[in-house]
Amino acid sequence: MKKRVVSILLSTMVVAGLFAGCGTSGDDSSSASSSDTKTEAPAEDKADDAKEASDTATTGGNVVGVVMPTKDLQRWNQDGQNMEQQLKDAGYEVDIQYSNNDIATQVSQIETMISNGVNVLVIASIDGESLGTPLEKAKEAGIPVISYDRLIMNSDAISYYATFDNYMVGQKQGEYIKEALDLENAEGPFNLEIVTGDPGDNNAQFFYGGAMDVLQPYIDSGKLVVPSGQIEFAKVATADWSTEKAQNRMDTIISGNYSDGTNLDAVLCSNDSTSLGVQNALASSYTGEYPVITGQDCDVANVKNLIAGKQSMDIFKDTRDLANQTVKMVDAIMQGKEAEVNDTESYDNGTGVIPTYLCEPKVCTADNYKELLIDSGYYTEEDLK
Ligand code: BGC
-11 MKKRVVSILL STMVVAGLFA GCGTSGDDSS SASSSDTKTE APAEDKADDA
39 KEASDTATTG GNVVGVVMPT KDLQRWNQDG QNMEQQLKDA GYEVDIQYSN
89 NDIATQVSQI ETMISNGVNV LVIASIDGES LGTPLEKAKE AGIPVISYDR
139 LIMNSDAISY YATFDNYMVG QKQGEYIKEA LDLENAEGPF NLEIVTGDPG
189 DNNAQFFYGG AMDVLQPYID SGKLVVPSGQ IEFAKVATAD WSTEKAQNRM
239 DTIISGNYSD GTNLDAVLCS NDSTSLGVQN ALASSYTGEY PVITGQDCDV
289 ANVKNLIAGK QSMDIFKDTR DLANQTVKMV DAIMQGKEAE VNDTESYDNG
339 TGVIPTYLCE PKVCTADNYK ELLIDSGYYT EEDLK
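When the letters of the sequence shown are read in order and numbered with my numbering, they come out as residues -11 to 373.
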């Protein structure tokens, strides 16, 4: 394997810290269907490389640097708290930073952690394409990197990826709309609008792809109609996953297409922050029958709306499970072992497939939220009042 030979050569020249091989950093923006394998390493090689990283990381110290994108959205606070707690419980020292959704801040936090000599980095990126340079430094310093929830693209410094099954998230949202409108049997046509996430977040492509694989056939057959005409990913993306931007776009869609009393039957929203924006827009300017609306994350505000009938479904991603799997990866790395993964095919970051652990997302509705969220201790009844 060319990549392996180059890797071995370089590692003798530089330091034992070159653990993740030398895949090219092309402009290939990976998505659910990425299949460009020109210069990429197969997943087995990545796993070997990760093992080399593990070997490098066992040279003393037990500090884990954790970088989360923002405190603005509920989920990342939860992720951060879970990670910190579980890492501390496992005996690690934790340096945790939140990047205020600002790429430059995130880069500088990572650089500081590298120069402080953390042993492992766990990073949830803001923009998956923006961390190449700082992570080169991590690689040179022999610091293994775990990509957390969002895949870091075009960097050969990534040892592992821990996330939820992002394609399945979208698929479940699409299936929910399909069932709720009874697309198989009802005559239709039904009106649909689509609101997805930040184009710099690789997950957004997976959510969109999973949902559209379910819904596109009905759009093609005419049973689903998108009156705004906005269907392509680029047209339905929401920068920064911003509630306000989703709301503004939905306001415009409503005034341009639904102000004459036309019914909107469903809105595919990739997550809760965008779903809230859509719900706000509907509350302020829509007069027709209330549509089916999806979401993701089970943020408190959205679960309250789920109970109140303003959001039809949510996707529950138990961030405690994700933290647990990530801590297991950290443990494996620190002990010089290979970490447990369950997907070695789906997540190509442009330098090869990254060995991945996928946690399972679950559909949450007004009917099962108590069991999923309260009985499991994720929230208390009080939290949702
Ligand atoms: C996460 C979602 C989240 C979104 C916005 C995505 O990368 O997977 O759970 O809603 O970012 O923060």
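Idealized CB from N, CA, C, for every residue including glycine. Note that the coordinates shown come from a computational prediction; the quantities given were computed from them, not determined experimentally.
- prompt: Out of curiosity, what's the CA-to-CA distance linking tyrosine 86 and aspartate 60?
  reply: Going by the C-alpha atoms only, they are around 10 Å apart.
query: Can we count arginine 138 as close to the ligand BGC, meaning its CB is less than 6 Å from some heavy atom?
result: Yes.
task: Please report how far the alpha carbon of tyrosine 367 lies from the alpha carbon of valine 183, in whole angstroms.
output: Whole-angstrom Cα-Cα distance: 27 Å.
- request: Look at the alpha carbon of alanine 238 and the alpha carbon of glutamine 218, and state the distance between them as a whole number of angstroms.
  value: In the sequence as displayed, the identity of residue 238 is methionine instead of alanine. In a straight line, the C-alpha of methionine 238 is about 11 Å away from that of glutamine 218.
task: Can you tell me the Cβ-Cβ gap for serine 103 and leucine 119, rounded? I've got them flagged as a contact below 8 Å.
output: About 16 Å separates the two Cβ atoms, so there is no contact after all.
Rounded C-alpha distance that separates leucine 123 from isoleucine 98: Their Cα atoms are separated by approximately 8 Å.
Aspartate 355 to aspartate 302 span [Cα, whole Å]: Counting only the Cα atoms, aspartate 302 lies some 11 Å from aspartate 355.
message: Less than 7 Å between the C-beta atoms of valine 106 and glutamine 284, yes or no?
response: Going by C-beta atoms, valine 106 is not nearer than 7 Å to glutamine 284.
message: Let me confirm a value: glycine 14 is counted as buried when at least 16 other C-beta atoms fall within 10 Å, else exposed. Which label applies?
response: Per-residue confidence for glycine 14 stands at a pLDDT of 28, beneath the threshold of 50, marking its modelled position as unreliable; the derived number appears in the next sentence. Counting C-beta atoms within 10 angstroms of its own C-beta, glycine 14 has fewer than 16 neighbours from the protein chains shown and is therefore classed as exposed.
- prompt: Just reading off the beta strand (DSSP E) that glutamate 128 is part of, what are its end residues?
  reply: From DSSP, glutamate 128 is part of no beta strand (DSSP E) but of the alpha helix (DSSP H) over 120 to 128.
query: Which ranges would you report for the alpha helix (DSSP H) in the region 134 to 189 if only whole runs of at least 4 residues count?
result: Fully enclosed alpha helix (DSSP H) runs of 4 or longer: 154 to 168.
task: Have a look at serine 272 and aspartate 309 and give me their C-alpha separation to the nearest angstrom.
output: Taking the straight line joining both Cα atoms gives about 37 Å.
task: Just confirm the distance between the C-beta atoms of glycine 116 and leucine 139, as a whole number of angstroms; I'd bet it's less than 8 Å.
output: Approximately 6 Å separates the beta-carbon atoms of glycine 116 and leucine 139; this is inside 8 Å, confirming the contact.
- prompt: Okay, do the region 70 to 80 and the region 309 to 320 touch, 3+ Cβ pairs below 8 Å being the bar?
  reply: The count of Cβ pairs closer than 8 Å, one atom from the region 70 to 80 and one from the region 309 to 320, reaches three, so the stretches are in contact.
message: Closest to proline 57 by C-alpha separation, out of Gln66, Gly48, Ser113 and Val51, would be which residue?
response: If you compare the alpha carbons of Gln66, Gly48, Ser113 and Val51 with that of proline 57, the shortest gap goes to Ser113.
- request: May I ask which residues mark the beginning and end of the alpha helix (DSSP H) holding lysine 373?
  value: Note, lysine 373: premise wrong, no alpha helix (DSSP H); not H, not E.
- request: Per DSSP, which residues does threonine 240 bridge with? Please list them.
  value: Answer is none; threonine 240 lacks a bridge partner.
query: Between threonine 307 and leucine 264, which are expected to be in contact by the criterion C-beta below 8 Å, what is the C-beta distance as a whole number of angstroms?
result: Actually they do not touch by this definition, with Cβ atoms about 19 Å apart.
query: In three-state DSSP terms, what is serine 23?
result: Legend: pLDDT at serine 23 = 32, less than 50; position of this residue unreliable, value from coordinates given subsequently. Coil at serine 23, not helix or strand.
- request: Return the chain-ordered list of same chain residues with a C-beta closer than 8 Å to the C-beta of leucine 361, the five sequence neighbours on each side being excluded.
  value: Cys286, Val291, Phe304, Cys352, Tyr367 and Leu372.
message: Can you look up glycine 340 in the DSSP assignment and give me helix, strand or coil?
response: Strand.
- request: Determine the closest residue to asparagine 154 out of Gly198, Ile146 and Glu175, with distance taken between C-alpha atoms.
  value: With distances taken between Cα atoms, asparagine 154 lies closest to Gly198.
- prompt: How would you label serine 243, buried or exposed, when you count the other beta carbons within 10 angstroms and need 16 or more for buried?
  reply: Serine 243 should be labelled exposed.
message: So, at 6 Å on beta carbons, what are the nonlocal neighbours of glutamine 62 in its own chain, with the 5 sequence-adjacent residues on each side left out?
response: Taken in chain order, the residues that qualify are Asp287.
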